[in-house]
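2 protein chains.
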Amino acid sequence: MKQYISENEGRFFDELFSLLRIPSISAKPDYRPYMLKCAVRLTELLKEAGADEASVYNTDGNPVVFGQKIIDPSAQTVLVYGHYDVQPPEPLEKWRTAPFEPVILDDPQTGEKAIYCRGANDDKGQLFMHIKAFEYLVRTGQLRHNVKFIFEGEEEIGSPSLPKWVRENKDMLSANVILVSDTTMISDKVPSINCGMRGLAYLEVTVTGPNKDLHSGHYGGAVANPINVLCDMISSLIDKDGRVTVPGFYDKVVELSDEDRAQLSRAPFDMEEYKSFLDINEVKGEKGYTTMERTGIRPCLDVCGIWGGYTGEGAKTVLPSTAHAKISMRLVPNQKSDEITELFTRHFLSIAPPYVKVSVKPCEGGNGFLIPITSRAYQAASRAMGEVYGIEPVPSRGGGSIAVLADMQEILGIDPLLMGFGLERDTIHSPNESYLLRQFFAGMESIALFYKYYAIEE
Amino acid sequence: MKQYISENEGRFFDELFSLLRIPSISAKPDYRPYMLKCAVRLTELLKEAGADEASVYNTDGNPVVFGQKIIDPSAQTVLVYGHYDVQPPEPLEKWRTAPFEPVILDDPQTGEKAIYCRGANDDKGQLFMHIKAFEYLVRTGQLRHNVKFIFEGEEEIGSPSLPKWVRENKDMLSANVILVSDTTMISDKVPSINCGMRGLAYLEVTVTGPNKDLHSGHYGGAVANPINVLCDMISSLIDKDGRVTVPGFYDKVVELSDEDRAQLSRAPFDMEEYKSFLDINEVKGEKGYTTMERTGIRPCLDVCGIWGGYTGEGAKTVLPSTAHAKISMRLVPNQKSDEITELFTRHFLSIAPPYVKVSVKPCEGGNGFLIPITSRAYQAASRAMGEVYGIEPVPSRGGGSIAVLADMQEILGIDPLLMGFGLERDTIHSPNESYLLRQFFAGMESIALFYKYYAIEE
Chain F
6 MKQYISENEG
16 RFFDELFSLL
26 RIPSISAKPD
36 YRPYMLKCAV
46 RLTELLKEAG
56 ADEASVYNTD
66 GNPVVFGQKI
76 IDPSAQTVLV
86 YGHYDVQPPE
96 PLEKWRTAPF
106 EPVILDDPQT
116 GEKAIYCRGA
126 NDDKGQLFMH
136 IKAFEYLVRT
146 GQLRHNVKFI
156 FEGEEEIGSP
166 SLPKWVRENK
176 DMLSANVILV
186 SDTTMISDKV
196 PSINCGMRGL
206 AYLEVTVTGP
216 NKDLHSGHYG
226 GAVANPINVL
236 CDMISSLIDK
246 DGRVTVPGFY
256 DKVVELSDED
266 RAQLSRAPFD
276 MEEYKSFLDI
286 NEVKGEKGYT
296 TMERTGIRPC
306 LDVCGIWGGY
316 TGEGAKTVLP
326 STAHAKISMR
336 LVPNQKSDEI
346 TELFTRHFLS
356 IAPPYVKVSV
366 KPCEGGNGFL
376 IPITSRAYQA
386 ASRAMGEVYG
396 IEPVPSRGGG
406 SIAVLADMQE
416 ILGIDPLLMG
426 FGLERDTIHS
436 PNESYLLRQF
446 FAGMESIALF
456 YKYYAIEE
Chain B
6 MKQYISENEG
16 RFFDELFSLL
26 RIPSISAKPD
36 YRPYMLKCAV
46 RLTELLKEAG
56 ADEASVYNTD
66 GNPVVFGQKI
76 IDPSAQTVLV
86 YGHYDVQPPE
96 PLEKWRTAPF
106 EPVILDDPQT
116 GEKAIYCRGA
126 NDDKGQLFMH
136 IKAFEYLVRT
146 GQLRHNVKFI
156 FEGEEEIGSP
166 SLPKWVRENK
176 DMLSANVILV
186 SDTTMISDKV
196 PSINCGMRGL
206 AYLEVTVTGP
216 NKDLHSGHYG
226 GAVANPINVL
236 CDMISSLIDK
246 DGRVTVPGFY
256 DKVVELSDED
266 RAQLSRAPFD
276 MEEYKSFLDI
286 NEVKGEKGYT
296 TMERTGIRPC
306 LDVCGIWGGY
316 TGEGAKTVLP
326 STAHAKISMR
336 LVPNQKSDEI
346 TELFTRHFLS
356 IAPPYVKVSV
366 KPCEGGNGFL
376 IPITSRAYQA
386 ASRAMGEVYG
396 IEPVPSRGGG
406 SIAVLADMQE
416 ILGIDPLLMG
426 FGLERDTIHS
436 PNESYLLRQF
446 FAGMESIALF
456 YKYYAIEE
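Chains as they are written, first to last, in our numbering: chain F, 6 to 463; chain B, 6 to 463.
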């Protein structure tokens, strides 16, 4: 595959950039036309790469792209999952280049070449590796499997429409493994395969005090300020040991055995490097757990956004009417997103003091899941990445959430395999998202080799 | 004056509206050209009303307008203070009409006619009453005093440049009383004269965690979230009794005698009406004090604005790099704004946990002040308003701050007199600011009568 990449590199960039230029932001309803445009472009790329068919399908939300190449109905089938929607680019002022104008630049720290653009990694860059590895296998006559592709446009908003569509198209999607590149490796020196992800419950809360913004001089001190109240309420959600105070929150959390914890701690972790990468003096989290455990096997609660009152330049002396926050809880097996959403809502309403009104709106959710590392697919992936990187990859428990994979696992009865090639440096979901060319190419090679070893073991 | 108003009403509106249309927002540096435009327009209005001279003066910040009419160097001199700058109009989506397009509409609740526009009351509407009362006295040959006008363009940002300018122009500004209409009355049934105002210390705080926005799934639970930390810190600033926890905050607060408190409690206050006006179930404030005391004689702390992370539509799973808040403290005699700013800064930095960085930026400040109700000017104002409203006005302690008045009082050695005609319903500093025509006209009449009774007592 190395040679094929170097012969076709320019075309690869042109094709990927044509996807990256489309601002397919699923969180913004106004951007719906771009979702369709991006979906259509993906069908073109799939057909050019060698798919027998590729079409755009309507769902209750953004369209799904499905394409396939069936070489032998009795052969094993790989279902490749990816998503073409991206996170909003805000805050715009922190981008060094235009968020939707892909460019290849040197990394300011390392000097290595990388593609800079929203979606360069998450997930357009990563799903594109699959299209090109597939193209290579088709054009060089090495494809031994049936391959199906499903690319959705709502992953970043929790895939509200996909489970229903998957259920309605269960037969068309039948396969032996769901292959996904939408995660990060531990580091570029420590390749890893993700064998478990956290779930998510995401809510927006609003605290309302007086029915209008007030002059803080006339009312300050006599009327509850919704921002102060919101801060009090948020502050009460985590106790001094870093534990979430929502009653019942930990009831279903699977406690790992000492042996399991020892196994997970095999993954190398350098605290000084970690702190230096983030420029922080100290880490902070739940008492009694390591940093790796805190992001891998323990749930948590974070405020992802907060706003209220005057946030412009200068000083405006206002006692605002409302204050808002977006609150995310990362969940672990066997916490259910629906249940946690309900527990949180009940708790948050119950702690509302009498001098304000409080409302809670669920935004997004999904369950976590675990993947057996003894599976045939895991073994093939491990061998493939071991060959490309020169060392055996480590199993890891990822902190992110791909909410829909737990649903697909359940509906289709197939385990996912998370072979992701992102790195921490890529700053997905943040300004200046980028994807190292080195990882982009290593990903393609690893995927092509995965097919090879997955076939051998047949 | 009543007749003069009805004969000239249309022109009055045209002239006032020409001021209101200029978006003289002092908090926004980009709006500086509008400040000059507004200042120039004021000099025209002053001269048309009968001033001997009126000019725009440079300061270190926005220009000052000064005009005067000297009828007899040995007569008493009234110095009228007002400000032509206004608060930012945000949030724009809550305005029912364009913020800088004045219109006369019926109040949705009462049906009474009012001028809707940013600045309709605060303070363009109120300062305009002085220009017209002056015009009436000049044109009808009733003016018995020298009158000086000083209109500044930085009141809403704490008048940073005015004290220096006043000091440099002390002789030009010499007078016997500073007459100001920039406050509210207790209600339209209870006219009041403000005999004390709170001071202000306003700061912006920033909490920085990691050096970039992070994916909350990859880092959540292991890295301190600056929004959560900011909420913890803010929550700790007020204790369960509603007292500010900054060490030394109350050290210089003048405790009123039981007699003084009894005197102030003469002002009528209807708790049910207050709560119903604000649509709140309960009031909240410092333990041991009434609502009137909490806004009149007690200091307080309010968050005027908070922001951080993702605040757009939908769900973005980000652990942000920074979180910010604007914090206002209302001060009472003898708290000094500078001292409180320093105490707050020291305290806020001292409570910063080790896993974040914290910075504090002072934005605005000013001291409170008291005015003797036995003064000749107070007595004249009381008689004037008593005649217009049919009942004797009540002395009140206002909650707002006009920072510069304490400075002018000190530099010029003259007491201010706060004869304000705003009402709570005017929602100054908020969307849909308006000013009842009834109050607008009653204000002009009261001011004209003030000059009459101030002269009689000479």
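Think of the CB as a built atom: it goes at the ideal place given N, C-alpha and C, for glycine as much as any other residue.
#1: Give every residue of the same chain whose Cβ lies closer than 8 angstroms to the Cβ of B/K366, excluding the five residues on either side of it in the sequence, and list them in chain order.
#2: Decide if F/T473 is buried, meaning its Cβ has at least 16 other Cβ atoms within 10 Å, or exposed.
#3: For F/I198, which of helix, strand or coil comes out of DSSP?
#4: I need the straight-line Cα distance from B/R402 to B/Q268, nearest angstrom please.
#5: Compare the C-alpha of F/L354 against each of F/A272, F/L242, F/T82 and F/E277 and name the closest.
#6: Which residues does DSSP pair with F/W312 in a beta bridge?
#7: Any idea which residues DSSP pairs B/I120 with across the strands?
#8: Can you name the residues of chain F whose CB is closer than 9 angstroms to the CB of B/K33?
#9: Kindly indicate which three-state DSSP category B/G225 falls into: helix, strand or coil?
#10: For F/S29, return the contacting residues in chain B, with the cut-off set at a CB-CB distance below 8 angstroms.
#11: I want to see whether chain B comes within less than 8 angstroms of F/G312, judged by CB atoms only; does it?
#12: Which residues in the same chain as F/E463 place their Cβ atom closer than 7 angstroms to its Cβ, once the five residues preceding and following it in sequence are excluded?
#13: From F/A330 to B/N233, what distance separates their C-alpha atoms?
#14: Would you mind sorting F/P464 into buried or exposed? The rule is 16 or more other CB atoms within 10 Å of its CB.
#15: Counting contacts by CB-CB distance shorter than 8 angstroms, is B/E463 in contact with chain F?
#16: Between the region 317-349 of chain F and chain B, which residues of the former have a C-beta closer than 8 angstroms to a C-beta of the latter?
#17: F/Q92 touches chain B at which residues, Cβ-Cβ below 7 angstroms?
#18: Find the residues of chain B that neighbour F/A229, judging by a C-beta separation of less than 8 angstroms, and give them in chain order.
#19: Residues of chain B with CB under 8 angstroms from F/N126, in chain order?
#20: Identify which residue in F/P78, F/V83, F/G72 and F/Q73 has its Cα closest to the Cα of F/P421.
#21: Sorted by chain position, which residues of the same chain lie with C-beta nearer than 6 angstroms to B/M390's C-beta, five sequence neighbours on each side aside?
#22: The region 214-227 of chain F: which residues have C-beta closer than 9 angstroms to a C-beta of chain B, in chain order?
#23: My parser needs the alpha helix (DSSP H) runs of 4 or more residues fully inside the region 20-67 of chain F; what are they?
#24: Where does the unbroken beta strand (DSSP E) through F/T211 begin, and where does it stop?
#25: Could you give the residue range of the alpha helix (DSSP H) that holds F/N233?
#26: Which residues of chain F have a Cβ atom closer than 9 angstroms to the Cβ of B/S364, listed in chain order?
#27: If you reduce the DSSP assignment to three classes, tell me which class B/F71 lands in.
#28: So, helix, strand or coil for B/S342, using DSSP?
#29: Looking at the secondary structure, which residues open and close the beta strand (DSSP E) in which F/S364 lies?
#30: Output yes if chain F places a C-beta closer than 8 angstroms to the C-beta of B/R523; else output no.
#31: Kindly say whether F/S435, judged by its beta-carbon, lies nearer than 8 angstroms to any beta-carbon of chain B.
#32: Show which residues of chain F have a CB atom less than 9 angstroms away from the CB atom of B/S240.
#33: How far does the beta strand (DSSP E) with F/G130 in it reach, from first residue to last?
#34: F/H150 by DSSP, collapsed to three states: which one?
#35: Would you say B/E49 lies against chain C (beta-carbon separation less than 8 angstroms)?
#36: Under a CB-based cut-off of 8 angstroms, is B/E369 close to chain F?
Here's the rundown:
#1: Mapped onto the second sequence, residue 366 of chain B falls at position 361. Answer for B/K366: L208, E209, V210 and T211, listed in chain order.
#2: With chain F represented from 6 up to 463, any question about residue 473 of chain F goes unanswered, as that position is not in the structure.
#3: Walking along the first sequence from the start, residue 198 of chain F turns up at place 193. Strand.
#4: Residue mapping note: residue 402 of chain B aligns to position 397 of the second sequence, counting from 1. Residue mapping note: residue 268 of chain B aligns to position 263 of the second sequence, counting from 1. Distance between the alpha carbons of B/R402 and B/Q268 is about 11 angstroms.
#5: Translated into the one-based positions of the first sequence, residue 354 of chain F becomes position 349. Residue F/L242 is the option with its Cα nearest to F/L354.
#6: Along the first sequence, read from residue 1 onward, the residue named residue 312 of chain F stands at position 307. In the DSSP output, where bridge partners are listed per residue, F/W312 has F/H329 and B/W312.
#7: As a first step, residue 120 of chain B is located in the second sequence; it is residue number 115 there, counting from the start. In DSSP, B/I120 forms a bridge with B/I109 and B/Y440.
#8: Residue numbering aside, residue 33 of chain B sits at position 28 when the second sequence is read from its first letter. Per Cβ cutoff of 9 angstroms: G317, E318 and G319.
#9: For the purposes of this step, residue 225 of chain B is taken as residue 220 along the second sequence, with counting starting at 1. Here B/G225 sits in coil by DSSP.
#10: Here residue 29 of chain F corresponds to residue number 24 of the first sequence, with the count starting at 1. Result: empty, since nearest Cβ-Cβ is about 13 angstroms, beyond 8 angstroms.
#11: What you label residue 312 of chain F is simply residue 307 of the first sequence in a count that begins at 1. The question names Gly, yet the displayed sequence has Trp at residue 312 of chain F. Yes, because at least one Cβ of chain B sits closer than 8 angstroms to the Cβ of F/W312.
#12: Taking the first sequence and counting its residues from 1, the one referred to as residue 463 of chain F is at position 458. Since pLDDT at F/E463 reaches only 47, below the 50 mark, its modelled position is unreliable, and the value read off the structure follows with that caveat. Result list for F/E463: Q81, in chain order.
#13: Numbered from its first residue, the first sequence carries residue 330 of chain F at position 325. Numbered from its first residue, the second sequence carries residue 233 of chain B at position 228. Whole-angstrom Cα-Cα distance: 11 angstroms.
#14: No answer is possible for residue 464 of chain F: it lies beyond the span of chain F, which begins at 6 and ends at 463.
#15: Taking the second sequence and counting its residues from 1, the one referred to as residue 463 of chain B is at position 458. With a pLDDT of 47 at B/E463, under the threshold of 50, the modelled position of this residue cannot be trusted; read the value that follows with caution. Judged by the 8 angstroms Cβ criterion, B/E463 is not in contact with chain F.
#16: G317, E318, G319, A320, K321, T322, V323, L324, P325, A328, H329, A330, K331, S333 and R335
#17: For the purposes of this step, residue 92 of chain F is taken as the residue at position 87 of the first sequence. In chain order: K321.
#18: Locating residue 229 of chain F in the first sequence gives position 224, where the first residue counts as 1. Chain B residues near F/A229: I285, E287, V288 and K289.
#19: Translated into positions along the first sequence, residue 126 of chain F becomes position 121. Residues of chain B passing the Cβ test: none, with the nearest at roughly 11 angstroms.
#20: Counted from its first residue, the first sequence places residue 421 of chain F at position 416. Taking the Cα of F/P421 as reference, the smallest distance to any Cα among F/P78, F/V83, F/G72 and F/Q73 is reached at F/V83.
#21: Stepping through the second sequence from its first residue, residue 390 of chain B is reached at position 385. Answer for B/M390: P196, P398 and S451, listed in chain order.
#22: G214, P215, N216, K217, D218, L219, H220, S221, G222, H223, Y224, G225, G226 and A227
#23: Runs of the alpha helix (DSSP H) inside the region 20-67 of chain F: 37-54.
#24: Stepping through the first sequence from its first residue, residue 211 of chain F is reached at position 206. Segment G204 to T213, the beta strand (DSSP E) holding F/T211.
#25: One-based indexing of the first sequence puts residue 233 of chain F at position 228. Per DSSP, F/N233 belongs to the alpha helix (DSSP H) from P231 to S240.
#26: On the second sequence, residue 364 of chain B is found 359 positions in, with the first residue counted as 1. Ordered by position in chain F, no residue passes the 9 angstroms Cβ test against B/S364, which lies about 15 angstroms from the chain.
#27: Numbered from 1 along the second sequence, position 66 holds the residue referred to as residue 71 of chain B. Looking at B/F71 - three-state DSSP - the assignment turns out to be strand.
#28: In the second sequence, residue 342 of chain B corresponds to position 337, counting from 1. B/S342: helix per DSSP, three-state reduction.
#29: The residue you call residue 364 of chain F lines up with position 359 of the first sequence. F/S364 -> beta strand (DSSP E) spans K362 to G371.
#30: Since the first residue of chain B shown is 6 and the last is 463, residue 523 of chain B is not available in this structure.
#31: Taking the first sequence and counting its residues from 1, the one referred to as residue 435 of chain F is at position 430. Answer yes: the Cβ-Cβ gap between F/S435 and chain B drops below 8 angstroms somewhere.
#32: By 1-based counting over the second sequence, the position of residue 240 of chain B is 235. Ordered by position in chain F, the residues that pass the 9 angstroms Cβ test against B/S240 are N233, C236, D237, M238, I239, S240 and S241.
#33: As a working mapping, residue 130 of chain F is identified with position 125 in the first sequence. First-last for F/G130: K129 to R144, but that is the alpha helix (DSSP H), not the beta strand (DSSP E).
#34: As a first step, residue 150 of chain F is located in the first sequence; it is residue number 145 there, counting from the start. F/H150 falls in the coil class under three-state DSSP.
#35: In the displayed structure, chain C is absent; the protein chains listed are F and B.
#36: Taking the second sequence and counting its residues from 1, the one referred to as residue 369 of chain B is at position 364. Interface residue, yes.
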